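Residue 35 is where the sequence shown starts when you use the working numbering, and the numbers rise one by one after that. Note that beta-carbon positions come from the ideal geometry of N, C-alpha and C, so glycine has one too. This structure is a prediction, so every number in the text was calculated from the model and none was measured. Here the structure comes first, spelled out in structure tokens, and everything after it is commentary.
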Amino acid sequence: MFGELRRMNMRQIALQILNILTIGATALMVWKGLGLVTNTESPIVVVLSGSMEPAFHRGDLLFLTLPRNDNVAINDICVFKLPGRDIPIVHRVLKIHQDETGKEYLLTKGDNNARDDRVLYDRGQMWINKEHLVGKVKGFLPYVGMVTIMMNDYAWMKYAVLGVLGFFVLIHRDLMFPSISVRCLLPSFLTWCSKLAADFKSSRGECINTVGSECTIRVLEGIEGVESLLINLT
């Protein structure tokens with residue numbers, strides 16, 4: 035593993051770092067795109083407590099949506115975020131109150147709690163607004179989010195996992211250097227291809243396969259004569 039890293043030059047390391055950044059940017063775009071489709075800033079959340087047992091347990095992964103025309107009903111399980119609080123809460127809608135203007139307000143409660151959520155709201159607050167909703171629960175995966183909880187509870191684990199993943203991507207050259215298929219147009223090229231493949235394998239590449247006039251080589255860096263090889267790509 036460390037031998038792979040020692041054989042990489044600065045250009046290869048820089049390209050691998052760029053590859054890591056590309057993976058991160060792609061993940062961010064997928065997350066933002068999922069948020070646009072579901073109309074919520076947090077389409078996926080993790081249950082952090084046992085207040086909704088037995089419906090949901092700590093570590094369950096919840097999938098949320100917040101359709102603009104989808105009304106909230108009693109017994110819907112919703113995720114809401116109170117002003118000034120960093121962590122959202124997932125509880126069931128217990129009551130719905132409508133004022134004289136027709137605006138609806140919600141009272142929530144955890145299935146495993148003895149009392150409703152007015153003890154969690156700000157002092158004097160009796161209801162939450164629909165603007166506080168993050169989304170309605172549409173599905174879940176049990177205990178999948180325990181990894182996230184463990185990384186939040188133990189900061190060293192988070193950095194260890196990220197470090198291992200980053201190091202793996204850095205040294206895994208298959209992510210950066212693709213395989214190429216080369217057809218040797220003349221039989222005499224077979225000897226040259228075999229020699230070139232051996233040279234690649236020993237210092238600058240790997241010979242994957244040689245069948246008939248087909249020579250497949252994983253290129254790690256350019257060497258003299260590779261231009262002649264690339265001319266005959268198929």
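Of the listed residues the options, nearest to residue i (C-alpha basis)
i, options, result
"D151", "L128, I108, K172, G58", "L128"
"G173", "P77, N53, A189", "P77"
"D110", "K170, M63, N163", "K170"
"V79", "L98, L154, L62", "L98"
"E75", "V168, T56, V153", "V168"
"L70", "R102, S83, I108, A89", "R102"
"D104", "S83, A89, T72", "T72"
Nearest-angstrom Cα separation, counted from residue j out to residue i
i, j, result
"V81", "M44", "43 Å"
"E87", "H125", "10 Å"
"D145", "S85", "6 Å"
"Y188", "I121", "18 Å"
"Q159", "Y193", "40 Å"
"H131", "N53", "52 Å"
"R157", "Q46", "58 Å"
"L100", "L68", "12 Å"
"I57", "M184", "23 Å"
"Y155", "N147", "15 Å"
"F202", "L55", "14 Å"
"T142", "V153", "11 Å"
"I298", "S83", "No answer is possible for residue 298: the residues shown for the chain start at 35 and end at 268."
"A61", "R149", "40 Å"
Own chain partners of residue i with C-beta closer than 6 Å, once the 5 adjacent residues on each side are dropped
i, result
"P221", "Confidence in P221 is poor, its pLDDT being 47 and thus under 50, which makes the residue's placement unreliable; the coordinate value appears in the next sentence. Within the same chain, P221 has no close Cβ partners at all."
"E261", "Confidence at E261 is low in this model, with a pLDDT of 38, below 50, so its placement is unreliable and the value that follows should be read with caution. Here the set comprises nothing."
"L175", "L95"
"A89", "D145"
"G118", "none"
Own chain residues within Cβ distance below 7 Å of residue i, not counting five before or after
i, result
"W65", "none"
"M63", "none"
"D208", "Residue confidence for D208 is low, a pLDDT of 49 falling below 50, so the modelled location carries little weight; the figure read from the coordinates is stated next. Cβ neighbours of D208 beyond the five flanking positions: none."
"A59", "none"
Residues sharing a beta bridge with residue i, DSSP
i, result
"G173", "F97"
"H125", "C112"
"Y139", "H131, N163"
"I78", "F97"
Nonlocal neighbours in the same chain, by C-beta distance under 8 Å from residue i, ignoring five residues either side
i, result
"D133", "Y139"
"V106", "C112, V127, I130, E138, L140, K164, L167, K170"
"M191", "M184, M185"
"I108", "V127, L128, K129, I130"
Test: residue i CB closer than 8 Å to a CB of chain B
i, result
"D150", "Any reference to chain B falls outside this structure, which holds one protein chain only."
Three-pair Cβ contact test at 8 Å for the stretch 86-93 versus the stretch 177-190 = yes
Is the stretch 112-121 touching the stretch 186-202 in the sense that three or more CB pairs, one from each, lie closer than 8 Å?
-> no
Is the stretch 161-169 touching the stretch 137-151, taking contact as three or more C-beta pairs under 8 Å?
-> yes
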